[in-house]
Amino acid sequence: MAPQQSQHPRRQHGAGPARPAAARTVALLLLAGALAYSTWSAEAFLPTGLSPRTAYVSELAAGDQPYGTFFRGADLLAGLLVLAAALYALLRLPRRGRWPALGWAGLALFGAATAADSRLPLSCTPTADPGCLARERAGEVPWTHTAHAVSSSLAVTGALIAMVLLTVAARRRTGPWPALARTGPVVVALELAATGWTLASVAAFDAGHGTWGLGIGQRLQVLCIAVWLVVLARSLAAGARRPGTAPAGAPPG
Numbered sequence: 003m004a005p006q007q008s009q010h011p012r013r014q015h016g017a018g019p020a021r022p023a024a025a026r027t028v029a030l031l032l033l034a035g036a037l038a039y040s041t042w043s044a045e046a047f048l049p050t051g052l053s054p055r056t057a058y059v060s061e062l063a064a065g066d067q068p069y070g071t072f073f074r075g076a077d078l079l080a081g082l083l084v085l086a087a088a089l090y091a092l093l094r095l096p097r098r099g100r101w102p103a104l105g106w107a108g109l110a111l112f113g114a115a116t117a118a119d120s121r122l123p124l125s126c127t128p129t130a131d132p133g134c135l136a137r138e139r140a141g142e143v144p145w146t147h148t149a150h151a152v153s154s155s156l157a158v159t160g161a162l163i164a165m166v167l168l169t170v171a172a173r174r175r176t177g178p179w180p181a182l183a184r185t186g187p188v189v190v191a192l193e194l195a196a197t198g199w200t201l202a203s204v205a206a207f208d209a210g211h212g213t214w215g216l217g218i219g220q221r222l223q224v225l226c227i228a229v230w231l232v233v234l235a236r237s238l239a240a241g242a243r244r245p246g247t248a249p250a251g252a253p254p255g
């Protein structure tokens with residue numbers, strides 16, 4: 003029996019070598035997605051005419067903006083890359099508990115909603131164009147304005163689910179995710195604060211009380227998401243390199 007066992011090591015341990023490779027694939031997809039999701043920062047070098055202090059990030063991709071096609075394309079790419087990473091993780095990485103699985107599902111929602119967001123752009127810029135704001139409040143803008151608000155809300159919801167659940171999972175396990183366990187809580191706290199700031203600013207703007215630094219709050223919000231994606235990718239890559247550990251990104255829930 004011993005010779006027969008030694009002839010089939012791959013049959014017994016075939017899943018083992020695939021897991022580090024899968025973790026590295028997910029990490030690369032997440033890194034690329036984070037990079038694409040950060041292209042809004044190119045506004046620092048482009049004459050967009052929009053104020054980073056007051057404008058929505060999505061206004062950079064509005065239909066009447068000179069660089070709208072570029073920003074919409076970057077958002078589409080970011081969403082598809084993160085969606086692919088999350089689905090690949092759900093299919094190929096070991097799952098140990100419902101919380102990590104729900105976290106990856108939340109990340110898939112974020113990716114899908116971000117991709118959809120890019121296909122549902124604003125037609126104009128309400129924070130910079132009084133005429134656009136007047137048309138929006140009168141209901142005279144295309145339906146994509148409402149759809150864009152829904153897809154953006156879904157994207158943020160998915161990101162928060164993923165960030166909270168996967169970070170909690172990392173904190174509950176000593177092993178292949180030390181970077182996320184250490185840094186994740188800080189990034190999540192900043193993300194929650196930025197989300198609260200953004201929601202309060204949107205409410206103030208809709209009520210006609212100014213922007214309350216809407217652009218700054220929302221840029222901090224999307225920056226935290228990108229940073230968290232990088233930390234998650236780093237953790238997966240580190241786990242894949244560490245012998246004797248499961249690099250799967252699914253700590254016990």
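Residue numbers for the sequence shown follow our numbering, so the first one is 3 and each next one is one higher.
We put the CB at the ideal spot given by N, CA and C, even for glycine.
State buried or exposed for residue i, treating a residue as buried only when at least 16 other CB atoms are found within 10 Å of its CB.
| i | result |
| --- | --- |
| residue 152 | exposed |
| residue 119 | buried |
| residue 83 | buried |
| residue 55 | exposed |
| residue 93 | exposed |
| residue 133 | exposed |
| residue 77 | buried |
| residue 145 | exposed |
| residue 155 | exposed |
Measure the Cβ-Cβ separation of residue i and residue j and say whether it is below 7 Å.
| i | j | result |
| --- | --- | --- |
| residue 164 | residue 113 | no |
| residue 31 | residue 130 | no |
| residue 75 | residue 115 | no |
| residue 200 | residue 207 | no |
| residue 29 | residue 181 | no |
| residue 103 | residue 85 | no |
| residue 226 | residue 196 | yes |
Under DSSP, the alpha helix (DSSP H) around residue i begins and ends at which residues?
| i | result |
| --- | --- |
| residue 90 | 70-94 |
| residue 119 | 100-121 |
| residue 256 | Outside the shown range of the chain (3 to 255) lies residue 256, about which nothing can therefore be said. |
| residue 127 | Looking at the DSSP string, residue 127 is not in any alpha helix (DSSP H), and its letter there is neither H nor E. |
| residue 41 | Segment: none, residue 41 is in no alpha helix (DSSP H) and carries neither H nor E. |
| residue 57 | No alpha helix (DSSP H) holds residue 57; DSSP gives it neither H nor E. |
(Q) Counting beta carbon pairs with one atom in the segment 225-239 and one in the segment 32-47, are three or more of them shorter than 8 Å? (A) yes
Q: Could you say if the segment 38-54 and the segment 212-221 meet the contact criterion of at least three C-beta pairs nearer than 8 Å?
A: yes
**Q.** Contact the segment 115-134 vs the segment 60-72: 3+ CB pairs below 8 Å
**A.** yes
Q. Does the segment 180-192 touch the segment 156-170, meaning 3 or more C-beta pairs lie closer than 8 Å?
A. yes
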